[in-house]
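Here the structure comes first, spelled out in structure tokens, and everything after it is commentary.
Quick look at the structure:
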């Protein structure tokens, strides 16, 4: 290729074109001799020129285009023509390629050494250059250089090492020097690295008739990869069992375990659950990043006024506080944030969990084990004799646990727990349905915090969203009118969000504080009176209302709001009629 070349050195050229002054150049050169960084980076760090101004200048001087790669839909197969190590080293990425040419985006297209190395790697293709902001390159590397190809190659290698047998022998995989064990370990390392890289919360390994299916839950949604090797699932699960200290000879019963590993400089706590299926053992792994530390209440996404009210109840000497929501709604994260705040030397805190998710200093954490009779109820009875100030129960699962927790909360203890309900209003009645005495629930329950996680609109590709009239009508009937000044948004899809339009999640909360009217309804188990008292409470704002506010602010989409509303436990007659009318209209359109 004809390498683009500046007419003079970059610093002199910037001074000549009056982009920077002579004194600024001398100061940058002095700083460069100390830091060892490139002159362009040094000028940007010192604030003498912005990155965009520098890139536009280089683009003009070198005669190469300036490209915003966040606007492009890059092919990962094309990107991987340049190995990841070289791409990161030279800050370069292949934007497009065919058999004869390749267009490469670089943050520094004046780096002749890097250009020569890239040209050699892409030979015999003719290399054309483009200028790309460095931060865009760094973010794209994590999104585009997935471990998919590496995982597939290791799976093929593992298949070959097994010799085509249905399973590896125990001796093969327990012998650390065996090649099969090394390959399985490398395969698992790649799977975990890929999951951490894309911010997955769970990894599902599912044996299938055609191979091994790997699914990762990212922002609440599963993403799937299929490995066509038929006999590697057993080897992978066996290795995971060894790492978790489980019984490797037991394949007919489910097992649970945990282990820790360091992935991409992060300490990850892995909770493993295995289950026998038709084609072998399936396993699900929950990934908990221990290196990031516990969240504070302000970091959960809870609005500041709600945090103040929630704190008021947290710092009361006794009573029951519930955090509710379906699986995966962030209940445990919120509870640990509350415990982290309450964890003071003058407070004795005991937790009863299944399993213990995060390890806290100064807190006595007990892992229940039903196999040996160490149940929630049994541990709770002992806990009350340990002179605690605060008790955290992982989950209210049965009548005995509920009653012990309630009695503990009215005898001078603050009790925190979770409950699997869809909203705050149904939680109090759920305790009564589980067999708890109504007067106990009314006396002990102080507050219920319900929460959900909604997918957040990707800020890198968001755009204004148009509202469908039918959706607007349904939202108006079920929640309320969309605010006139709403800035509704949606993501069009980009590399950073894996073309889903969403990146990350935002917490949606509702806090129900039990007042005298609600307590009276609870004592008589009057569901209708309790629901009426909740609706008329001045401090109460429902999950649906908060979610609609977030959509109006452009944080999430109306589709996410409607998904949340569909999961709520009840609709009144008007809401049901609106839904039925819309469904009927949709059916008539389909029939036509």
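Numbering (my numbering), first residue to last: 58 to 649.
A virtual CB, placed ideally from N, CA and C, is assigned to each residue, including glycine.
As the structure is a prediction and not an experimental result, all values here were calculated from the model.
{"Item": "Buried or exposed by the 16-neighbour rule on C-beta atoms within 10 Å, applied to residue 331", "Value": "buried"}
{"Item": "Residue(s) in a DSSP beta bridge with residue 185", "Value": "160"}
{"Item": "Spatial neighbours of residue 148 in its chain, beta-carbon cut-off 7 Å, leaving aside the 5 residues before and after", "Value": "163, 164, 165, 191, 194"}
{"Item": "Uninterrupted beta strand (DSSP E) stretches inside the region 384-471 (no shorter than 3 residues)", "Value": "406-410, 420-424, 447-450"}
{"Item": "Proximity below 8 Å, CB of residue 124 to CB of residue 77", "Value": "no"}
{"Item": "Option nearest residue 453 by Cα separation, candidates 469, 388, 415", "Value": "388"}
{"Item": "Cutoff 7 Å; reference residue 340; Cβ partners in own chain excluding five residues on either side", "Value": "262, 294, 297, 329, 330, 331"}
{"Item": "In chain order, each alpha helix (DSSP H) run of at least 4 residues that lies wholly inside the region 108-142", "Value": "108-119, 133-136"}
{"Item": "Through-space distance from residue 404 to residue 446, alpha-carbon basis", "Value": "6 Å"}
{"Item": "Backbone CA spacing between residue 618 and residue 363 [nearest angstrom]", "Value": "20 Å"}
{"Item": "Enclosing alpha helix (DSSP H) for residue 105 [first to last residue]", "Value": "Counting along the chain, residue 105 falls outside any alpha helix (DSSP H), and DSSP gives it neither H nor E."}
{"Item": "Length of the line joining the Cα atoms of residue 266 and residue 260", "Value": "19 Å"}
{"Item": "Residue 289 - partner residues in DSSP beta bridges", "Value": "None, per the DSSP bridge assignment."}
{"Item": "Outcome for residue 606 when other beta-carbon atoms lying within 10 angstroms are tallied against a minimum of 16", "Value": "buried"}
{"Item": "Sequence-distant residues of its chain with Cβ nearer than 6 Å to residue 556 (five each side left out)", "Value": "550"}
{"Item": "Span of the alpha helix (DSSP H), counted from its first residue to its last, around residue 73", "Value": "67-73"}
{"Item": "Contacts around residue 603, its chain only, beta-carbon distance under 6 Å, and the 5 residues preceding and following it disregarded", "Value": "565"}
{"Item": "For residue 575, the first and last residue of its enclosing alpha helix (DSSP H)", "Value": "573-580"}
{"Item": "Coil, strand or helix - residue 333 by DSSP", "Value": "strand"}
{"Item": "DSSP three-state assignment for residue 261, whether helix, strand or coil", "Value": "strand"}
{"Item": "Cβ separation of residue 553 and residue 83, assumed to be a contact under 8 Å, to the nearest whole Å", "Value": "That belief does not hold up - the Cβ atoms of residue 553 and residue 83 are roughly 38 Å apart, past 8 Å."}
{"Item": "Secondary structure, beta strand (DSSP E): runs of 3+ residues fully inside the region 315-379", "Value": "323-334, 337-346"}
{"Item": "Between the CA atoms of residue 181 and residue 412 - distance to the nearest angstrom", "Value": "56 Å"}
{"Item": "Residue 487 (DSSP reduced to helix, strand or coil)", "Value": "helix"}
{"Item": "Pair within 8 Å by beta-carbon distance, residue 380 and residue 506", "Value": "yes"}
{"Item": "Those residues which DSSP pairs with residue 271 across a bridge", "Value": "262, 282"}
{"Item": "Per DSSP, cross-strand counterpart(s) of residue 563", "Value": "511"}
{"Item": "C-beta atoms of residue 373 and residue 400 nearer than 8 Å", "Value": "no"}
{"Item": "Residue(s) in a DSSP beta bridge with residue 213", "Value": "For residue 213, which the question treats as bridged, DSSP gives no partner whatsoever."}
{"Item": "Own chain partners of residue 440 with C-beta closer than 7 Å, once the 5 adjacent residues on each side are dropped", "Value": "407, 409, 448"}
{"Item": "Whole-angstrom distance between residue 253 and residue 68, CA atom to CA atom", "Value": "40 Å"}
{"Item": "Alpha-carbon to alpha-carbon, residue 242 and residue 530", "Value": "54 Å"}
{"Item": "Per-residue DSSP class, three states only, for residue 230", "Value": "Interpretation of residue 230 is limited by its pLDDT of 43, a score under 50 that renders its predicted location unreliable; the figure taken from the coordinates is listed afterwards. In the structure shown, residue 230 sits in a helix (DSSP, three-state: H, G or I)."}
{"Item": "CA-to-CA distance, residue 438 to residue 486, given in whole angstroms", "Value": "24 Å"}
{"Item": "Cβ-based burial, residue 283 [other Cβ within 10 Å; buried from 16]", "Value": "exposed"}
{"Item": "Residue 414 versus residue 302 - alpha carbon distance", "Value": "17 Å"}
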